[in-house]
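Q: Take the sequence shown: its letter number 38 is residue 38 in UniProt numbering, and every next letter is one higher.
Mind having a look at this structure? Questions to follow.
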Amino acid sequence: MPVIQLREQCARKEKEEDRLLLHLSLEMDRDFVRKAKEMEHMRMRNAGTTAQYNHEKALEKEAREANKRKEALHVPMGNIFANRDSGPDRVLQGRQLSDGLQEQISAKQIRQTTERLEKEREDRVLRERLAREVKESTLQVHMQKLHKQHLQQTALAEQIQTLRPPPAPSPPPLPSSAENPFARSESLMFLYQKEKAKQLYQEQMAIIRQKREYEARVREMERKHSLERLALSRRE
Numbered sequence: 001m002p003v004i005q006l007r008e009q010c011a012r013k014e015k016e017e018d019r020l021l022l023h024l025s026l027e028m029d030r031d032f033v034r035k036a037k038e039m040e041h042m043r044m045r046n047a048g049t050t051a052q053y054n055h056e057k058a059l060e061k062e063a064r065e066a067n068k069r070k071e072a073l074h075v076p077m078g079n080i081f082a083n084r085d086s087g088p089d090r091v092l093q094g095r096q097l098s099d100g101l102q103e104q105i106s107a108k109q110i111r112q113t114t115e116r117l118e119k120e121r122e123d124r125v126l127r128e129r130l131a132r133e134v135k136e137s138t139l140q141v142h143m144q145k146l147h148k149q150h151l152q153q154t155a156l157a158e159q160i161q162t163l164r165p166p167p168a169p170s171p172p173p174l175p176s177s178a179e180n181p182f183a184r185s186e187s188l189m190f191l192y193q194k195e196k197a198k199q200l201y202q203e204q205m206a207i208i209r210q211k212r213e214y215e216a217r218v219r220e221m222e223r224k225h226s227l228e229r230l231a232l233s234r235r236e
């Protein structure tokens with residue numbers, strides 16, 4: 001396959017991979033927002049159910065106490081106070097009720113704080129995982145691009161090596177210009193071939209330098225990637 005067609009095909013494939021990567025990132029962001037909204041709605045529903053339950057229990061307790069007061073009003077008169085129990089201490093009972101309500105409020109606040117911290121931790125872990133996956137995917141795409149460039153450079157070097165003409169043999173001793181009128185033309189042809197061989201050698205050396213630079217960039221990227229993964233693992 002010609003080098004130009006190979007480059008065009010690689011460029012089209014790279015554009016398609018970039019488009020798919022962007023689409024995947026957008027889909028992951030939308031899914032993350034949707035799940036976060038669902039979790040928030042569920043938390044609000046649970047909080048509303050708990051508050052309603054506590055309110056209903058308080059109303060039931062007040063109704064029972066009201067019924068007891070009504071029954072006490074209809075007790076037949078007589079020796080009503082003879083053996084009557086003094087009943088519980090209202091002050092102590094109110095204090096105990098207040099303490100119980102305060103404990104419920106504190107427990108609810110602690111539970112809400114724990115749930116909020118747990119949700120924040122889960123969201124942070126999810127964001128870090130998504131960022132790590134996107135970064136790894138981006139690094140993989142970049143590494144593939146560099147690998148393709150390396151393959152193209154190698155193919156170009158092989159093609160140049162194939163098309164390189166064999167070294168020109170040393171010209172035989174020529175007779176004097178007086179005896180050979182074409183001596184000057186043959187000398188110019190030899191110089192031309194020598195210059196072309198020099199130019200081809202310089203091109204090959206440039207390709208070798210590019211290959212070394214590519215390998216150095218790959219090593220540097222791998223080193224940075226390892227450091228980033230180590231930093232993320234330490235934060236987790």
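Glycine is no exception: its CB is placed at the ideal position from the N, C-alpha and C atoms.
Taking the C-alpha atoms as reference points, what is the distance between Leu59 and Arg90?
A: Residue mapping note: residue 59 aligns to position 59 of the sequence shown, counting from 1. Residue mapping note: residue 90 aligns to position 90 of the sequence shown, counting from 1. The straight-line gap from Cα to Cα measures roughly 19 Å.
Q: Taking Cβ positions, are Ile232 and Arg132 nearer each other than 8 Å?
A: On the sequence shown, residue 232 is found 232 positions in, with the first residue counted as 1. On the sequence shown, residue 132 is found 132 positions in, with the first residue counted as 1. The sequence shown places Leu at residue 232, not Ile. Going by C-beta atoms, Leu232 is nearer than 8 Å to Arg132.
Q: Reducing DSSP to helix, strand and coil, say where Asp18 ends up.
A: As a working mapping, residue 18 is identified with position 18 in the sequence shown. Residue state, collapsed to three classes: helix.
Q: Inspect the beta-carbon positions of Cys10 and Lys211 and report whether they are closer than 8 Å.
A: Mapped onto the sequence shown, residue 10 falls at position 10. Mapped onto the sequence shown, residue 211 falls at position 211. Against a cut-off of 8 Å, the Cβ pair of Lys211 and Cys10 comes out as no contact.
Q: What would DSSP say about Asp89, mapped onto helix, strand or coil?
A: Here residue 89 refers to the residue found at position 89 when the sequence shown is read from its first residue. Looking at Asp89 - three-state DSSP - the assignment turns out to be coil, as it is neither helix nor strand.
Q: Quick check for students: name the residue ranges of the alpha helix (DSSP H) that lie wholly in the region 99-149, counting only runs of 4 or more.
A: Entirely contained in the region 99-149, not one alpha helix (DSSP H) run reaches 4 residues.
Q: For the putative contact between Gln204 and Ala155, defined by C-beta atoms under 8 Å, what is the C-beta separation to the nearest angstrom?
A: The sequence position of residue 204 within the sequence shown is 204, counting from 1. The sequence position of residue 155 within the sequence shown is 155, counting from 1. At roughly 14 Å, the Cβ-Cβ gap does not stay under 8 Å, so Gln204 and Ala155 are not in contact.
Q: One question on the structure: do Glu115 and Arg43 come within less than 8 Å of each other, judged by their Cβ atoms?
A: Taking the first residue of the sequence shown as position 1, residue 115 is located at position 115. Taking the first residue of the sequence shown as position 1, residue 43 is located at position 43. Yes.
Q: With the cut-off set at 8 Å, would you say Gln152 and Leu26 are in Cβ contact?
A: Residue numbering aside, residue 152 sits at position 152 when the sequence shown is read from its first letter. Residue numbering aside, residue 26 sits at position 26 when the sequence shown is read from its first letter. Taking 8 Å as the Cβ cut-off, Gln152 and Leu26 do not qualify as a contacting pair.
Q: Among the residues of its own chain, which have a CB less than 6 Å from the CB of Ser176, if the five just before and after it don't count?
A: As a first step, residue 176 must be located in the sequence shown, where it is residue number 176. The predicted position of Ser176 is uncertain, since its pLDDT is 48 and thus under 50; a value taken from the coordinates is nonetheless stated next. So no residue of the chain qualifies.
Q: Does the Cβ-Cβ distance between Arg217 and Leu139 come in under 8 Å?
A: Numbered from 1 along the sequence shown, position 217 holds the residue referred to as residue 217. Numbered from 1 along the sequence shown, position 139 holds the residue referred to as residue 139. Not a contact, by the Cβ cut-off of 8 Å.
Q: Please name the residue, chosen from Gln202, Met189 and Lys135, that lies closest to Ser222 on a Cα-to-Cα basis.
A: For the purposes of this step, residue 222 is taken as the residue at position 222 of the sequence shown. In the sequence as displayed, the identity of residue 222 is Glu instead of Ser. Measuring from the Cα of Glu222, the nearest candidate turns out to be Lys135.
Q: For the candidate residues Leu20, Arg12 and Glu8, whose alpha-carbon lies nearest to that of Ser137?
A: As a position in the sequence shown, residue 137 is number 137, starting the count at 1. When only C-alpha atoms are compared, the closest one is Leu20.
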